[in-house]
Amino acid sequence: MKKLSDAAVSYGSRPIATSLVNGKTLTLAGFAAAIAYPLLDGNLYNLQLFTEIIIISLLALSLNILIGYTGLVSLGHAAFLGIGAYASTLAMQHVYPSIWAGLTASVLSAGIVALAIGVFCIRLSGLYFAMITLAFSQAFYTIAFYWDSVTGGDDGLIGIPRPDISLFGLTEISIDGFVGYYYFTLVIVALAAYLMWRILNSPFGAILKAIRENPERVEFLGLPVYRYKLAAFIISAAFGGLAGGLFAPFQGFISPELLYWTKSGETVLMTILGGIHSFLGPAVGATVLIFLRDTVLNYTEYWKIIVGSILILCVLFAPGGIVGFITARLSEIFKGASK
Amino acid sequence: MKSFNSTLAAGLVATIVTAQPALAEDTIKFGVLAPLTGLYAIVGERTSQGVNLAVDQINEQGGILGHKLEAVIRDDETNPDTAVRVARRLVLQDDVFALFGPLHGGAAIAVLNEAQRLKTPHIPWAATEEINTVNCSRYTWRVGSSAQQTSRSGAVVAQREGLKKWATISSDFSYGRSVVNQFTDNLKRLMPDAEVAEQAWPKLGEEDYSPYISNIARADPDALYIGLFGADVVKFLKQAKAFGLNEQVTIFTDFGGNHVVLKALGDDAPFGHWASSRYLHNYPDTQMNRDFVQAFKATYDVYPDMAAGEAYAAVHVMAEAIRRAGEPDKDLAINALGGLAYNAPEGWIIMRPSDHQGLQSAFWGKVSHDDAYPFPVLSDIQVISPIQAAHPDEDSGQGCRN
Chain A
0 MKKLSDAAVS
10 YGSRPIATSL
20 VNGKTLTLAG
30 FAAAIAYPLL
40 DGNLYNLQLF
50 TEIIIISLLA
60 LSLNILIGYT
70 GLVSLGHAAF
80 LGIGAYASTL
90 AMQHVYPSIW
100 AGLTASVLSA
110 GIVALAIGVF
120 CIRLSGLYFA
130 MITLAFSQAF
140 YTIAFYWDSV
150 TGGDDGLIGI
160 PRPDISLFGL
170 TEISIDGFVG
180 YYYFTLVIVA
190 LAAYLMWRIL
200 NSPFGAILKA
210 IRENPERVEF
220 LGLPVYRYKL
230 AAFIISAAFG
240 GLAGGLFAPF
250 QGFISPELLY
260 WTKSGETVLM
270 TILGGIHSFL
280 GPAVGATVLI
290 FLRDTVLNYT
300 EYWKIIVGSI
310 LILCVLFAPG
320 GIVGFITARL
330 SEIFKGASK
Chain B
0 MKSFNSTLAA
10 GLVATIVTAQ
20 PALAEDTIKF
30 GVLAPLTGLY
40 AIVGERTSQG
50 VNLAVDQINE
60 QGGILGHKLE
70 AVIRDDETNP
80 DTAVRVARRL
90 VLQDDVFALF
100 GPLHGGAAIA
110 VLNEAQRLKT
120 PHIPWAATEE
130 INTVNCSRYT
140 WRVGSSAQQT
150 SRSGAVVAQR
160 EGLKKWATIS
170 SDFSYGRSVV
180 NQFTDNLKRL
190 MPDAEVAEQA
200 WPKLGEEDYS
210 PYISNIARAD
220 PDALYIGLFG
230 ADVVKFLKQA
240 KAFGLNEQVT
250 IFTDFGGNHV
260 VLKALGDDAP
270 FGHWASSRYL
280 HNYPDTQMNR
290 DFVQAFKATY
300 DVYPDMAAGE
310 AYAAVHVMAE
320 AIRRAGEPDK
330 DLAINALGGL
340 AYNAPEGWII
350 MRPSDHQGLQ
360 SAFWGKVSHD
370 DAYPFPVLSD
380 IQVISPIQAA
390 HPDEDSGQGC
400 RN
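Going line by line, the protein sequences match chains A and B.
Per numbering that gives the first Met the number 0, the first sequence runs over residues 0 to 338.
Per numbering that gives the first Met the number 0, the second sequence runs over residues 0 to 401.
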């Protein structure tokens, strides 16, 4: 926890909120580029890779509500990705074949599960919180692995549809193709990220940051720290569940691997790699990690060695993550100019 | 006339000259998924060798309809998620004509799903029965034997041997359970008075089998059916031999006749006991198999195992389907696969249209020494025809109407 605060001081002399404000133009430019992209490059492989990056970015952003904002390191975040994915699949296959039903089920189920296990997890902090989230996620992995009749066991579920979406009953839009699903994902994730940003920059978000820096002090102010932490846990899980609800139709199949602890670890890695002290840092981390894996995998099956080495260098020389590193260098350059 | 002839000659020369670069441009690519790293890396290596040998032979004989054939082999990390990602890359980026693999059952089903979405022919390595029962798809056809065929034929041998009281052991995951359940199912069908006294389900990758072995010994069965796969079966058989189980019960090892397993076991192999393999380098003694084994040994300096034999046959079957289709068109090739018969090293394989399964004989034999080889082999081979062992036609094919 000490380390976290130190990093916050060195890179976060400006509050977290301003890093997005400063990057507002950049963010909008990025969004415009994302909209224009399918028109410029017809390569379907790259398009589906970007779709995955967008979905996993949402997962990393949602984890950062806990790590970066509330100061809770969860090692079980993939459980919510998995719960969201299974819930959306089961809802679409057995209840109602609509993507909205799927996404609603994914958000609700992840949120409800987070409420149920959060009651136990939130009482703990630091290493113990990390351990109990890991334990719970492994429990859910085991359920997905053995509950054959519902989850399909270790083979998982296949044939996950991407049903057409209806716009106010006027027209049907197909999201079955690579281009359609890319745009659908882009819109949903952009809306979710904006909502998340609003939540984190509200008074509620400010209290989470205060809890991260000094929970005792917040307690003395008369605020119920436990409830705030639980709320953060549930919100984080709900967004993680949404990522799962988008991922299942994207991949077309799901298996218990989605809930395995290595997936949680990978998400923590993305978040830290990108930078926990900026709102979009984790998304940058997700983008870099998925691109690296994809590029290196094409040359060697031992891609983990190369990606691992790059990560070690990042952690050693850019402890604030990629975004932290860049903003720190930039602020050094513009120090004189801004005064 | 003379001028006609010279025009013809010039035309022929021109055709030959222009045909060369056209041949290189219109390469047909096969995308192969195999476990090149991790626990099953050795299987992945043999798979790649089987594929490459078949591709080289096809190219030496002029390719497929004049097109050069090329294999693009990628690691699937024995992980469904990676497998789908790699399959997508192979089709969208590398523009492969067909997908092959993976070995892992769940990963193969995930790739089956993706192949359907990408409308690309697919031949899996995995033997899981779900591939051509509940999940059967237009684009996926299995050339290799199915798991249920091997284990159901084990029950045929059990009946011939008159073994009634059984114990079973298999890993606790879908493939492992399916292998044993198919065996006991057929056993009870063939011998209604047969009894299953003990069933052990260790986890996949278990290191210490001693508690399971002593439980099996305590149940005092006539015979033991082993559904363990890969490295697990080697570990189990070594520990069972040390315990002395081989003297107490007759052992049937589903995967144990595979060359890599027998080679790894060496002197610890269960000599005199029954084992099965979907491909054997010493049986059947046909020209086809002799040529294959000789070419494989000459190229790689090892004997072909099950993975190599099945991969080699799969590449040839897909090539034959393209030839029958008359042009490299994915949908026409799929149409040509139904009913296709191919004389593989392991014998004739007939692609059954109702469930997309390649029908072929199953082999069970006794583990024994043979002076011709420096490792244990199977002898006294029992050939069980697909009529006796394959999944009944009317039960399957639920998803294969499309």
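All residues carry an ideal CB built from backbone N, CA and C; glycine is no exception.
| query | result |
| --- | --- |
| Under 8 Å between C-beta atoms of L331/B and A324/B | yes |
| For G81/A and Y259/A, the rounded distance between their alpha carbons | 9 Å |
| Where the segment 232 to 256 of chain A meets chain B: residues whose CB sits under 8 Å from a CB there | Q250, G251, F252, S254, E256 |
| Proximity test, Cβ basis, 8 Å: L22/B and chain A | Annotation note: pLDDT 45 at L22/B (below 50); position unreliable, coordinate value reported separately. No, L22/B lies away from the interface with chain A (no Cβ there is under 8 Å from its Cβ). |
| N-terminal and C-terminal residue of the alpha helix (DSSP H) that R428/B is part of | The question about residue 428/B has no answer here: the residues shown for chain B are numbered 0 through 401. |
| Alpha-carbon spacing of P101/B relative to P34/B, whole angstroms | 8 Å |
| Cβ contact (3+ pairs, closer than 8 Å) linking the segment 208 to 228 of chain A and the segment 261 to 279 of chain A | no |
| Collapsed DSSP secondary structure at G176/A in the structure displayed | coil |
| Continuous beta strand (DSSP E) assignments of at least 3 residues falling wholly in the segment 80 to 166 of chain A | 164 to 166 |
| Backbone CA spacing between W140/B and F167/A [nearest angstrom] | 42 Å |
| Beta-carbon neighbours of G155/A, restricted to chain B and to distances below 8 Å | P79, G105, I108, A109 |
| Chain-ordered neighbours of Y44/A on chain B, where CB pairs are closer than 8 Å | R87, R88, L91, Q92 |
| Between the CA atoms of N131/B and N58/B - distance to the nearest angstrom | 31 Å |
| Beta-bridge pairing of N342/B - partner residues as DSSP gives them | W347/B |
| Beta-carbon contacts of S235/A that lie in its chain and below 7 Å, excluding the five residues immediately before and after | S61, L62, I64, L65 |
| Other residues of its chain near E205/B: CB distance less than 7 Å, five sequence neighbours each side excluded | D231 |
| Other residues of its chain near H103/B: CB distance less than 6 Å, five sequence neighbours each side excluded | T77 |
| Coil, strand or helix - V20/A by DSSP | Summary for V20/A: the model assigns pLDDT 46, below 50, so the residue's position carries little reliability, and this model does not support an answer. |
| Between the CA atoms of A371/B and A222/B - distance to the nearest angstrom | 30 Å |
| Unbroken beta strand (DSSP E) run spanning Q381/B, endpoints | 376 to 383 |
| Members of the segment 348 to 368 of chain B near chain A, C-beta cut-off 9 Å | none |
| Per-residue contacts from D74/B into chain A (C-beta, under 7 Å) | E300 |
| N- and C-terminal bounds of the alpha helix (DSSP H) containing G330/B | The question names Gly, yet the displayed sequence has Asp at residue 330/B. Run containing D330/B: 329 to 336, per the alpha helix (DSSP H) assignment. |
| Proximity winner among P123/B, G226/B, K118/B, V90/B, relative to A106/B (alpha-carbon distances) | P123/B |
| R217/B classed as buried or exposed, judged by whether at least 16 other C-beta atoms fall within 10 angstroms | exposed |
| Closer than 8 Å to chain A by CB, R116/B | yes |
| Sufficient close CB pairs (3 or more, under 8 Å) joining the segment 278 to 298 of chain B to the segment 42 to 59 of chain B | yes |
| Within the segment 196 to 280 of chain B, ranges of the beta strand (DSSP E) (whole runs, at least 3 residues) | 222 to 225, 249 to 252, 273 to 276 |
| Interface residues of chain A facing N134/B [CB-CB closer than 9 Å] | D154, I157, G158 |
| Straight-line Cα distance separating S87/A from G151/A | 15 Å |
| Alpha carbon of S136/A to alpha carbon of Q250/A, nearest angstrom | 21 Å |
| For I27/B, three-class secondary structure by DSSP | strand |
| Any chain B beta carbon closer than 8 Å to Q137/A | no |
| For G357/B: DSSP bridge partner residues | M350/B |
| Alpha-carbon to alpha-carbon, D293/A and T270/A | 18 Å |
| Where W196/A sits in the DSSP three-state scheme | helix |
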